[in-house]
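In order, the protein sequences belong to chains A and B.
Just add 175 to wherever you are in the first sequence, counting from 1, and you've got the working numbering.
Just add 87 to wherever you are in the second sequence, counting from 1, and you've got the working numbering.
To keep things clear, I will list the structure first and then write my remarks on it.
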Amino acid sequence: MAQIVIKNLKKQFGDFTAVRESSFTIEDGEFFMLLGPSGCGKTTTLRMIAGLELPTSGEIYLDGEEISQRRPSERDIAFVFQMFALYPHMNVYKNISYPLVSQGMPRSAVREKVTEVAKILGIEDILKRPVGGLSGGDRQRVALGRAIVRQPKAFMMDEPLGALDAEFREHMAEELRALHDRMGATTVYVTHDQLEAMQMGDKIVVMNNAVVEQFGTPQEIYDKPATMFVADFIGSPSMNFLPFHGKVGDGATEVAMQNANFAIPKTREPFEGDLSFGVRPEHIKLSDAAPFRAEVLATEYLGTTQIVTLQTAGGEVKARTSAQQPAKTGDTVGLEFNPATVTLFDRQSGRALRSELNEGVLHG
Amino acid sequence: MAEVVLTNVSKSFGKTVAIDDVSMTIDDGAFVVLLGPTGAGKTTTLRLISGLEKLDAGSVHIGGRDVGSDTPAQRDVAMVFQQYSLYPHLTVRDNLAFPLRSPVLKTPEDQIAKRVAQIAETLQIPHKLDNKATELSGGEMQRVSIGRALVRDPSIYLMDEPLSSLDAKLRADLRVELKRIHAELGSTLLYVTHDQIEAMTMATHVGVLEEGRLVQYGTPKEIYEDPTSVYVASRLGSPRINILPSAIFPGDHKGAQIGLRPESIRHGDGVEATVVRSEHLGDQTRLHLEVSGHAITTLIDPHDDYAANSIINISPQNPLYFDASGARVV
Chain A
176 MAQIVIKNLK KQFGDFTAVR ESSFTIEDGE FFMLLGPSGC GKTTTLRMIA
226 GLELPTSGEI YLDGEEISQR RPSERDIAFV FQMFALYPHM NVYKNISYPL
276 VSQGMPRSAV REKVTEVAKI LGIEDILKRP VGGLSGGDRQ RVALGRAIVR
326 QPKAFMMDEP LGALDAEFRE HMAEELRALH DRMGATTVYV THDQLEAMQM
376 GDKIVVMNNA VVEQFGTPQE IYDKPATMFV ADFIGSPSMN FLPFHGKVGD
426 GATEVAMQNA NFAIPKTREP FEGDLSFGVR PEHIKLSDAA PFRAEVLATE
476 YLGTTQIVTL QTAGGEVKAR TSAQQPAKTG DTVGLEFNPA TVTLFDRQSG
526 RALRSELNEG VLHG
Chain B
88 MAEVVLTNVS KSFGKTVAID DVSMTIDDGA FVVLLGPTGA GKTTTLRLIS
138 GLEKLDAGSV HIGGRDVGSD TPAQRDVAMV FQQYSLYPHL TVRDNLAFPL
188 RSPVLKTPED QIAKRVAQIA ETLQIPHKLD NKATELSGGE MQRVSIGRAL
238 VRDPSIYLMD EPLSSLDAKL RADLRVELKR IHAELGSTLL YVTHDQIEAM
288 TMATHVGVLE EGRLVQYGTP KEIYEDPTSV YVASRLGSPR INILPSAIFP
338 GDHKGAQIGL RPESIRHGDG VEATVVRSEH LGDQTRLHLE VSGHAITTLI
388 DPHDDYAANS IINISPQNPL YFDASGARVV
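See below:
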């Protein structure tokens, strides 16, 4: 059980800055995701929390205690790696019990703990088996067992499902989340898979180029992205951006783009220059009457829904509509954007302009 | 381009039956996707058509001709593999031209140049033609490797999970691109994948394989809306269809098992379900429920929320029925 507070945490490897001053708080019992593309600094952040790297500056508080300079073994944190390393010459029981035995715990207490953990993970019947012959899923469960058996204050997981195939990954993700719900231990989880982050996380930190781009709940980050990077990285297909040059006043409820006016959430700051009009695929409606015209380039059937790729005067967009919606390649249709969901971005900096939609989420 | 017909095809490796009495017609100009999990026989089917494996029984006809005793080269098929294997010391141009320079085809150089330029245009890599293969990104390399198949005009293109090693964004782009290329060239294509999105979005027809048998063959819409078994119904749709004992819902049922897609569950009336957890994926929110010890997943409005352990009432909408063995009951 633990709260983890990260304050102005920074890491440099020589001239290279892996993590720029980052601050966020992981509440007790949260399943917390560090999300971003490779090289964004998420794994380095995780390793600093675990004590595998020392920060260049900044602080890490575990339950109020500053731990950033302590050894890993003094932090009471368990680490689960992407490539689960098991002791190949030991059976499942010995692998799981190893951390306890090495702490000098009495044998009867060890047996009790391992039995309990095996039950939580549903691997009671394979305790005597050598780890060599186990399936990928069981190996993963044993690696988890070895991490949770010590009952540490928090778990650090570095893409633990990265090596698994898609179908099995989904299954293990559900299992991991259910395990977390049963145990309630603070978990920090690194992934580059936005769907995994949305699916499993209570909170998400999105990182890019060593910087925290946004920090919040999955729905918040999806609906109210702070930057174009976040809007693009989260969601599949990702948010559409229509670039235009324009001007909005403080308190405006409309914006002029491609010689037409579009309703937007009331703005909270004036701006003039290069803008992007951001709208998610499911907030675009195909309608014969709408004046903003587009040509259907492709349709992709997905069962209940379909993705329609469209060419507009402002660029290409993707819409997610009901599969019943008639749309054929070559058709010309009108587009309507759900005005309450639109985000305008300063195209130069990538920053979202403040509006009625995102106030409260964005600062600065 | 040509029609490809498989008739009662079987293939075993030792005691393992890889392909079990498969018959299938791939129409001229069709984009057929074979879908199934690892080990279902997808790749073996592809290899039997290409001649990389020999048939145990049955026949393969390409363009009306029995090709059973032909070598792979004589069959006039072009294959794209999962792992792109380009010649690292050659430029993109020479990699693309390589198949046309084969002694079997003996294509004149001016025609090769024309064809390579055309394919590079289609794949949107004309500016990369003089790069070494090693100077490309992963997505570009896979496009070149697809291009190396496309420069030829074979009876059929055979593709074995060509997109699976690429990241999600690039995969989505190439899905649209492959579909466009298929429409442009009017080619016949057989494509193997375990990715249901690829199957649904690209195919004119989907063949679902289960342990070496072809269990259903139809348009993506037919497979999604009218599956013949629990197995087929579970292959398409995300989140996956809920398969439950019919008896947990009141009323008369046509079969022992009821199949409910997450979107075909009505909320507000019916049996009581306990909320386990909600997942906010942005465009949709998945609600995990439990009814009499059975897990059920349904979809709710992205901005609705239910606390764990709260109760909601649900009832089936457009259910699919299956018997105890998993076969569809209509």
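Beta carbons are placed, not taken as given, at the ideal position from N, Cα and C, and that holds for glycine.
Because the structure is a prediction, the values reported are computed rather than measured.
Short of 6 Å from the beta carbon of B/Ala165, and not among the five residues preceding or following it, lie these beta carbons of its own chain, in chain order: Ala236, Arg239, Pro241, Tyr244.
Within the region 186-234 of chain B, not a single complete beta strand (DSSP E) segment reaches 3 residues in length. Taking all protein chains shown into account, A/Gln315 has 16 or more neighbouring C-beta atoms within 10 Å of its C-beta and is therefore buried.
Between A/Leu519 and A/Thr496, the CB-CB gap reaches or exceeds 7 Å. Judged by their CB atoms, B/Tyr278 and B/Gly342 are not nearer to each other than the 7 Å cut-off.
When 8 Å is used as the limit between beta carbons, A/Leu477 is near these residues of chain B: Ile284, Met287, Thr288, in chain order. Under DSSP, the beta-bridge partners assigned to A/Lys185 are A/Ser232. By the Cβ rule, the region 107-119 of chain B does not count as touching the region 469-479 of chain A, because fewer than three pairs are nearer than 8 Å. For A/Met373, the residues of chain B that pass the 8 Å Cβ criterion are Glu366, His367, Leu368, Gly369, in the order they occur in the chain.
Around the Cβ of A/His420, a 10 Å sphere holds fewer than 16 other Cβ atoms; the residue is exposed.
Judged by pairs of C-beta atoms under 8 Å, the region 431-445 of chain A touches the region 520-539 of chain A, as three or more such pairs exist. Cβ contact annotation for A/Asp506 (same chain, cutoff 8 Å, sequence separation greater than five): Glu470, Val471, in chain order. Between A/Val381 and A/Val363, the C-beta gap is not smaller than 7 Å, which leaves the two residues out of contact.
Residue-level contact check: A/Tyr397 touches chain B, since one or more beta carbons of chain B fall below 7 Å from its beta carbon. The contact set of B/Lys308 on chain A, defined by CB atoms closer than 9 Å, consists of Tyr476, Gly478, Ala498 in chain order.
Out of A/Gly214, A/Glu345, A/Asp425, the CA that lies nearest to the CA of A/Ala193 is found in A/Gly214. The beta carbon of B/Tyr311 falls within 7 Å of a beta carbon belonging to chain A, placing the residue at that interface.
Within chain A, the residues placing a beta-carbon under 7 Å from that of B/Leu323 are Gly478, ordered along the chain. Considering only beta carbons, the part of the region 254-282 of chain B lying closer than 9 Å to chain A consists of Asp254, Ala255, Lys256, Ala259, Arg262, Val263, Lys266, Arg267, Ala270, His281, Asp282, in chain order.
At a cut-off of 7 Å, the C-beta of B/Glu227 has no neighbouring C-beta in chain A. By the rule that beta-carbons nearer than 7 Å mark a contact, B/Glu350 touches chain A. Rounded to whole angstroms, the separation of the alpha carbons of B/Ala259 and B/Arg322 is 19 Å. Cβ-Cβ separation between B/Thr385 and B/Leu374: approximately 5 Å, consistent with a contact (criterion under 8 Å).
In terms of Cβ geometry, A/Val454 and A/Asn415 form a close pair [threshold 7 Å]. Listed by position along chain B, the residues whose Cβ is nearer than 7 Å to that of A/Gln315 form an empty set, because the closest Cβ is around 17 Å away.
DSSP lists B/Ile345, B/Val416 as the beta-bridge partner residues of B/Tyr408. Setting aside the 5 residues that flank it on each side, B/Ile398 is surrounded in the same chain by Glu359, Ala360, Thr361, Val362, each with a C-beta closer than 8 Å to its C-beta; the list follows chain order. Cβ atoms of A/Val255 and A/Phe330 come within 8 Å of each other, at about 7 Å. Interface annotation for the region 112-145 of chain B against chain A: Pro124, Thr125, criterion Cβ-Cβ distance under 9 Å. With respect to the C-alpha of B/Met111, the residue from B/Pro389, B/Ile387, B/Gly305, B/Ser333 having the closest C-alpha is B/Gly305. Residue burial annotation: A/Phe188 is exposed, with fewer than 16 other C-beta atoms found within 10 angstroms of its C-beta. Taking B/Pro213 as the centre and dropping the five residues before and after it, the same chain places the C-beta of Ala204, Ala207 closer than 8 Å to its C-beta, in chain order. For the region 343-369 of chain A, the set of positions with a beta-carbon nearer than 9 Å to some beta-carbon of chain B reads Glu345, Glu349, Arg352, Ala353, Asp356, His367, Asp368, Gln369 in chain order. Between the region 89-96 of chain B and the region 132-150 of chain B, the count of Cβ pairs shorter than 8 Å is three or higher; the stretches touch. B/Arg188 and B/His269 have their C-alpha atoms roughly 24 Å apart.
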